[in-house]
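Position 154, counted from 1, in the sequence shown is what numbering that gives the first Met the number 0 calls 153; the numbers after and before it change by one each time, with no gaps.
So the structure is just underneath, and the comments pick up after that.
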Amino acid sequence: MSFRTSYATAFGAAFLLAGCSFASESLWPSLTGDEAGSGEQVQIAQAPSEAQSEPTLGPVAAPARPPALGTTNFTPPAITDAQPTGTFVGRKVTQMRQELRSLQAKIVDRNRRLQEIRNATTSNSQRYHGTMAAITTRLQLGTTPGNPVLVRQWNEAQIELDRLMSDIAAMNSLANEVTADSSMSSYLLESSRAAYGLSGAIDEDHRQLAILEDETNRTVVLIDRLLNELSEDVSRQTAYVANERANLTTLSLAVKNGELYGASLINRAYASAAPIGSTPPPVAAAPIASSSSALGNRTPLAVIRFSRPDVPYQSMLYTAMSKALERRPQAQFDLVAVAPNQGTPAQVALAQNKSRRHAEHVLRTLTEMGLPPSRVNLRSTTSTAANTNEVHIYVR
Numbered sequence: 000m001s002f003r004t005s006y007a008t009a010f011g012a013a014f015l016l017a018g019c020s021f022a023s024e025s026l027w028p029s030l031t032g033d034e035a036g037s038g039e040q041v042q043i044a045q046a047p048s049e050a051q052s053e054p055t056l057g058p059v060a061a062p063a064r065p066p067a068l069g070t071t072n073f074t075p076p077a078i079t080d081a082q083p084t085g086t087f088v089g090r091k092v093t094q095m096r097q098e099l100r101s102l103q104a105k106i107v108d109r110n111r112r113l114q115e116i117r118n119a120t121t122s123n124s125q126r127y128h129g130t131m132a133a134i135t136t137r138l139q140l141g142t143t144p145g146n147p148v149l150v151r152q153w154n155e156a157q158i159e160l161d162r163l164m165s166d167i168a169a170m171n172s173l174a175n176e177v178t179a180d181s182s183m184s185s186y187l188l189e190s191s192r193a194a195y196g197l198s199g200a201i202d203e204d205h206r207q208l209a210i211l212e213d214e215t216n217r218t219v220v221l222i223d224r225l226l227n228e229l230s231e232d233v234s235r236q237t238a239y240v241a242n243e244r245a246n247l248t249t250l251s252l253a254v255k256n257g258e259l260y261g262a263s264l265i266n267r268a269y270a271s272a273a274p275i276g277s278t279p280p281p282v283a284a285a286p287i288a289s290s291s292s293a294l295g296n297r298t299p300l301a302v303i304r305f306s307r308p309d310v311p312y313q314s315m316l317y318t319a320m321s322k323a324l325e326r327r328p329q330a331q332f333d334l335v336a337v338a339p340n341q342g343t344p345a346q347v348a349l350a351q352n353k354s355r356r357h358a359e360h361v362l363r364t365l366t367e368m369g370l371p372p373s374r375v376n377l378r379s380t381t382s383t384a385a386n387t388n389e390v391h392i393y394v395r
């Protein structure tokens, strides 16, 4: 989904049921510029290279390196076997244990496919860059317009880039399947917790339930990490292939004319654009920041309150981010997970873990919407003013 899409929804609207609020702030300064110079002519001295009798060749321009893929090998935790107790609750535990085994078998298959896609992507990237290097080297040395050898190599590079797009599609398909697994793991976790309230259980049933809950929770965390890494890989590879498409288009003109031009002007414009003068310096990230340092007195662009399950924040978040990026296309964002600082230290620690998971979900949503993860600074804090887990988004 592109951030350039315009929405008619008014910027700053609030979620009443979802617990989301959005605030506007003075983000966009007025810009002024000096008038053009007086037109005075300046004599430019001859460059040293112009005085040489023979031309010199500069270094060959190498294509941009492909983004690094994730390296995690996702192996589910082992499941503890137990003897049936014969009670109704014991049969439920046995059933949920079998369902968890089935889910973990799917995760093993998803991990195998992920490693295969990564290996294929690496091989395709290497072949693509080898072909691009051969073309740019020949163009740097000089060649005839429309050289058939370069035309053939350009076609090969386009095929390799198409294969990279196929790899991205395979990653997206895998991410959809892992999302379904995530829903199943959450269901199993809630079922294991609800089983404590069933009557007719013995002490052994509750002991097995506690073990099953811990193993299910570890599986939930593993699936979340798998989803996060997949989302980051897809985002980076999509941006990289889009840039290389533009470079390949520019290179086709170079092959046609027999002259090397360089990277696409579209990519160069994004790479060399000057930072916004009024943008405050980024705040150094910390694993867990204090409430004052993480929140300060800044007005958040968006506040998402997770007061109930399945908060539908995506639509309003997209509208707010779209408006912000329309006004400041190069804006960076702070994504702060806020946990209520209430209760015992153990309760605060559990709230912090849950708020971090909410923030990771919001970050994954922003990545799927098209925002590069490199433009988001993820942070965590606690607040005595918060009554429930919140995620704050600030523009910097």
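Using N, Cα and C, we set each Cβ at its ideal position, and we do this for glycine too.
Residue from the options with nearest C-alpha to residue i
| i | options | result |
| --- | --- | --- |
| residue 357 | 237, 254, 308 and 89 | 308 |
| residue 86 | 198, 375, 250 and 210 | 198 |
| residue 83 | 259, 328, 203 and 252 | 203 |
| residue 134 | 216, 259 and 88 | 259 |
| residue 380 | 349, 243 and 372 | 349 |
| residue 150 | 304, 256, 369 and 344 | 256 |
| residue 334 | 175, 390 and 104 | 390 |
| residue 231 | 77, 100, 106 and 117 | 117 |
| residue 143 | 297, 126 and 254 | 254 |
| residue 245 | 160, 176, 316 and 296 | 160 |
| residue 175 | 222, 298 and 382 | 222 |
Beta-carbon proximity list for residue i, same chain, < 7 Å, skipping 5 on both sides
| i | result |
| --- | --- |
| residue 98 | 187 |
| residue 112 | 173 |
| residue 228 | 69 and 71 |
| residue 313 | 364 |
| residue 235 | 66 |
| residue 375 | 332, 334, 362 and 365 |
| residue 100 | 78 |
Cα-Cα separation, residue i to residue j
| i | j | result |
| --- | --- | --- |
| residue 386 | residue 341 | 8 Å |
| residue 93 | residue 318 | 46 Å |
| residue 327 | residue 320 | 10 Å |
| residue 330 | residue 310 | 26 Å |
| residue 212 | residue 156 | 50 Å |
| residue 191 | residue 95 | 8 Å |
| residue 90 | residue 189 | 17 Å |
| residue 247 | residue 377 | 34 Å |
| residue 370 | residue 195 | 42 Å |
| residue 394 | residue 88 | 51 Å |
| residue 114 | residue 302 | 37 Å |
| residue 104 | residue 343 | 38 Å |
| residue 361 | residue 345 | 25 Å |
| residue 137 | residue 178 | 46 Å |
| residue 324 | residue 251 | 32 Å |
| residue 75 | residue 233 | 23 Å |
| residue 152 | residue 238 | 23 Å |
| residue 129 | residue 359 | 36 Å |
| residue 127 | residue 110 | 26 Å |
| residue 106 | residue 168 | 19 Å |
| residue 125 | residue 64 | 10 Å |
| residue 347 | residue 249 | 55 Å |
| residue 147 | residue 240 | 25 Å |
| residue 368 | residue 316 | 10 Å |
| residue 108 | residue 158 | 28 Å |
| residue 214 | residue 382 | 31 Å |
Own chain residues within Cβ distance below 6 Å of residue i, not counting five before or after
| i | result |
| --- | --- |
| residue 210 | 79 |
| residue 384 | none |
| residue 120 | 166 |
| residue 193 | none |
| residue 366 | 230, 234 and 372 |
| residue 297 | 393 |
| residue 81 | 207 |
| residue 154 | none |
Distance between beta carbons of residue j and residue i, contact taken as under 8 Å
| i | j | result |
| --- | --- | --- |
| residue 165 | residue 226 | Actually they are not in contact, since the Cβ atoms of residue 165 and residue 226 sit about 21 Å apart, beyond 8 Å. |
| residue 392 | residue 300 | 5 Å |
| residue 123 | residue 162 | 4 Å |
| residue 102 | residue 183 | 6 Å |
Beta-bridge partners of residue i, as assigned by DSSP
| i | result |
| --- | --- |
| residue 112 | DSSP, once it has assigned bridges, lists no residue as partnering residue 112. |
| residue 377 | 334 |
| residue 304 | 389 |
| residue 339 | 382 |
| residue 394 | 332 |
The ligand NAD heavy atom lying under 7 Å from the CB of residue i
| i | result |
| --- | --- |
| residue 127 | The model depicted lacks the ligand NAD and carries no ligand whatsoever. |
Proximity test, Cβ basis, 8 Å: residue i and chain D
| i | result |
| --- | --- |
| residue 117 | Absent from the structure: chain D. Only one protein chain is present. |
Neighbourhood of residue i by C-beta distance below 8 Å, restricted to the same chain and skipping five residues each side
| i | result |
| --- | --- |
| residue 224 | 71 and 73 |
| residue 185 | 219 |
| residue 388 | 304, 305, 336, 337, 338, 339, 350, 353, 354 and 357 |
| residue 145 | 254, 255 and 257 |
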